[in-house]
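See below for the structure under consideration.
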Amino acid sequence: MFRSIRWRITLPYTLLIIVTMAILGYYLSNFVQQTYVNDLETGLTTQARMLGDVLAPMLPLGGNTNDLDQAAKHWAKIVGGRVTIIGPDGTVWGESHDDRTKMENHLNRPEVAAALANGQGSSIRFSQTVGYQMMYTAILVKDGDKPSGIIRVALPLQQIEANISRLRGVLLTFTLVVAALAILLAAFIAGRTARPVRQLTEAVRHLASGEATDQPLASTRDEIGQLTQAFNSMSAQLRTQIDALETERGKLAAVLQEMTDGVLIVDHEGTIQLINPAAERMFGALQKAAVGNTLVETLRHHLPFELWQRCRETGEVQSASFEVGSKKLYLQGTAAPLGRSLPGSTLLLFQDITRQRQIESMRRDFISNVSHELRTPLAALKALTETLQTGALEDPPAAHRFLEQMETEVDALSLMVTELLELSRIESGRVPLERKPTRPIDLLNPAYERLSLQAERAGLSMTVNCPEDLPLVSADAARIQQVVVNLLHNAIKFSPQGSPILLQAQTRNGSILFSVHDRGIGISPDDLPRIFERFYKVDRARATSGTGLGLAIARHLVEAHGGRIWVESELGKGSTFYFTIPLA
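Using this note's numbering, read the sequence shown as starting at 4 and increasing by one per residue.
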């Protein structure tokens with residue numbers, strides 16, 4: 004409440020009025036009370052003198068105390084107060100309100116002592132005799148030059164106190180009414196004065212929070228009105244600038260949000276000021292935890308820190324490539340000083356080159372694999388040709404045998420070229436698929452029948468588990484049968500004698516899940532991610548026949564149907580190849 008300018012204006016004036024009225028009331032009540040007391044004292048003195056004149060003949064030598072006692076009671080009824088007749092020695096000779104014989108000597112009473120000393124005296128005190136506050140006035144009555152007695156008249160102060168209480172009540176009521184009116188008036192005036200300030204404050208608060216608000220109107224021509232006009236002008240300019248900054252910030256935020264490259268801005272102390280979502284994904288850091296922390300604490304990698312440090316020391320653009328081990332990402336990092344834009348700050352840009360590295364690795368492996376696959380038949384052809392040229396032609400049986408071997412190698416080369424061309428056509432989408440609703444059993448049985456004889460020669464047992472009532476799939480039957488044949492051929496080739504092979508189909512999430520399970524040599528975890536690459540062969544398969552293109556062809560055919568293919572395997576326990584085909 005005291006923070007409000009309205010009450011800071013209202014309360015001091017209200018307190019001033021209340022304190023002033025309280026002081027004035029206290030002064031007036033004391034003044035009136037003293038006036039009443041003075042008037043009462045004057046009246047009592049007059050009455051005491053009058054009684055002194057009347058009772059003077061009865062006082063010499065003490066008079067008759069019974070007569071004085073009766074006279075005191077008589078005059079007390081007349082004056083409406085208490086009358087006491089006291090001798091010069093302090094002995095009570097007459098008393099209107101009590102038994103004089105039981106009263107103590109009054110010589111030490113203040114008013115009596117003053118009357119003996121000065122001829123009259125007054126005092127206000129609590130009377131033990133009557134039990135309330137009273138005013139006493141005493142005069143000395145003389146017989147010639149000798150004191151003959153003292154006449155004391157007393158009246159209670161209850162009426163005065165009642166009058167003073169009524170006066171104080173009136174003053175208090177008046178004070179409260181005036182204070183209430185002062186509060187209302189001061190609050191009204193302060194409210195009218197503070198209203199423009201409150202409007203300005205609310206407008207500033209909305210402006211600071213970025214909310215749209217109506218501009219306050221300048222209703223007066225005083226200083227506050229001039230301040231309101233100045234604020235309106237400033238608000239319009241700020242709104243224009245804020246809108247422009249919001250637009251630019253939105254553009255920058257959109258660019259940073261959608262960038263695939265990681266972006267960080269680091270100050271001169273190595274504290275991160277900005278990080279975009281791509282950088283968060285690269286380094287596994289959240290924006291709330293990253294901003295305000297150091298580069299080392301957030302990225303937990305020494306190479307980005309060294310890159311930033313070299314850029315800060317040299318003031319030149321620095322680049323470096325490194326691997327984030329936990330995510331197996333290869334990043335190309337660039338550090339550039341921001342110069343005048345943000346003095347002392349550095350821009351760190353990280354590009355994910357993992358895919359490029361993988362493509363380069365795949366290209367090298369492809370060339371190596373092609374070279375390896377071509378070298379063997381070509382070397383064999385070269386050796387056979389040289390053998391024939393050196394005299395084997397003169398030996399018809401040997402020449403015939405060499406020619407058969409040459410034909411076998413040429414067929415292998417022809418098959419490799421044919422599969423390469425087919426794979427190239429499938430990858431480029433030049434192979435049309437004649438997709439029709441087909442029963443899953445019609446995709447497995449032809450492959451089973453085609454390779455059953457080969458499985459029997461290898462001493463293997465094959466089983467087909469495919470219910471007849473499975474939903475139809477949308478597939479090019481010949482192409483999917485080619486996929487099953489490739490997978491089944493690999494299972495036969497890498498399974499030990501006497502082990503089973505299971506072909507299976509079942510419904511799974513709007514598709515048919517096909518699987519080929521064997522208990523062969525299995526595939527190592529390092530080879531699993533690359534098993535569907537062209538010409539990729541695991542070490543154990545190097546010695547076997549085949550082009551290394553069958554699984555690559557199978558993957559492209561399945562994906563062309565809108566499905567997915569994968570493998571689960573464990574060394575020494577066998578492999579299971581899965582692929583899905585959508586329902587018709």
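Think of the CB as a built atom: it goes at the ideal place given N, C-alpha and C, for glycine as much as any other residue. Remember, it's a predicted structure, so these values are computed and weren't measured experimentally.
Residue i burial status per 10 Å Cβ neighbour count (16 or more: buried)
i	result
Lys-576	exposed
Phe-353	buried
Gln-73	exposed
Arg-155	buried
Asn-41	exposed
Ser-572	buried
Val-299	exposed
Val-99	What sits at residue 99 in the sequence shown is Ser, not Val. It is buried - the Cβ of Ser-99 has at least 16 other Cβ atoms within 10 Å.
Phe-34	exposed
Gln-260	exposed
Asp-542	Its pLDDT being 49, under 50, Asp-542 is placed unreliably in this model, and the value from its coordinates should be taken loosely. Its Cβ having fewer than 16 others within 10 Å, Asp-542 is exposed.
Met-237	exposed
Met-362	Checking the sequence, you will find Ile at residue 362 rather than Met. The residue is exposed, with fewer than 16 neighbouring Cβ atoms inside 10 Å.
Gln-484	buried
Arg-169	exposed
Gly-84	buried
Tyr-139	buried
Identity of the residue in the options nearest residue i by Cα
i	options	result
Gly-565	Asp-479, Gln-485, Gly-152	Asp-479
Thr-178	Thr-297, Leu-203, Thr-23, Val-488	Thr-23
Val-570	Gly-90, His-304, Ser-527	Ser-527
Arg-442	Ser-455, Arg-460, Arg-453, Val-476	Val-476
His-520	Leu-332, Ser-502, Phe-129, Ile-142	Ser-502
Asn-296	Leu-160, Gln-507, Asp-270	Asp-270
Gln-408	Thr-390, Glu-397, Gly-394	Thr-390
Gln-131	Pro-159, Lys-331, Gly-265, Ala-206	Pro-159
Ala-587	Gly-525, Ser-455, Asp-529, Thr-510	Thr-510
Ile-81	Ala-51, Ala-247, Pro-346	Ala-51
Ala-563	Pro-585, Thr-579, Phe-580	Pro-585
Thr-17	Ala-494, Ala-190, Asp-264	Ala-190
Lys-331	Asp-472, Asp-355, Ser-322	Asp-355
Asp-264	Pro-435, Thr-337, Ala-247, Leu-554	Thr-337
Glu-316	Arg-303, Arg-198, Ser-32, Ala-339	Ala-339
Leu-574	Asp-530, His-77, Gly-525, Tyr-581	Gly-525
Ile-444	Gly-462, Asp-92, Leu-516	Leu-516
Cα-Cα separation between residue i and residue j, rounded to whole angstroms
i	j	result
Pro-400	Ala-481	42 Å
Leu-387	Ser-417	18 Å
Val-115	Thr-104	18 Å
Ser-606	Leu-71	This structure cannot speak to residue 606, because the chain is shown only from 4 to 587.
Leu-406	Phe-325	54 Å
Asn-166	Thr-94	35 Å
Leu-351	Arg-358	21 Å
Asp-102	Gln-36	32 Å
Val-86	Ala-79	5 Å
Thr-13	Ile-26	20 Å
Ala-59	Glu-164	34 Å
Ala-293	Val-420	54 Å
Arg-438	Gln-507	21 Å
Ile-534	Glu-397	47 Å
Ala-257	Asn-235	32 Å
Gln-123	Leu-143	6 Å
Leu-447	Val-487	7 Å
Gln-202	Gly-228	11 Å
Ser-464	Phe-497	14 Å
Arg-378	Ile-275	55 Å
Ala-183	Thr-231	32 Å
Val-467	Leu-552	25 Å
Asp-554	Ser-518	At residue 554 the sequence reads Leu, which differs from the Asp that was named. If I take the Cα positions, the gap works out to 14 Å.
Ile-245	Ala-233	18 Å
Arg-284	Leu-454	48 Å
Tyr-30	Thr-49	28 Å
His-559	Leu-306	39 Å
Ala-458	Pro-440	30 Å
Bridge-paired residues (DSSP) for residue i
i	result
His-520	Leu-505, Thr-579
Trp-569	Tyr-581
Thr-274	Thr-297
Lys-439	Ala-478
Arg-242	According to DSSP, Arg-242 bridges with nothing at all.
Arg-85	Ala-157
Ser-514	Arg-511, Pro-585
heavy atom of the ligand GTP below 7 Å from residue i C-beta
i	result
Ile-163	Summarising the ligand content, the structure contains no ligands, and the ligand GTP is consequently not present.
Short CB-CB distance (under 8 Å) between residue i and chain B
i	result
Ala-587	Within the model displayed, chain B is absent; a lone protein chain is all it includes.
Fill in: Ordered list of alpha helix (DSSP H) runs contained in the region 278–362, each at least 4 residues
280–286, 290–293, 298–302, 305–317
Discussion item. Which complete beta strand (DSSP E) runs does the region 102–156 hold, if anything under 3 residues is left out?
Written reply: Restricting attention to beta strand (DSSP E) runs no shorter than 3 residues, the region 102–156 encloses them at 123–129, 136–146, ordered along the chain.
Worksheet entry | Uninterrupted alpha helix (DSSP H) stretches inside the region 444–475 (no shorter than 4 residues) | 444–460
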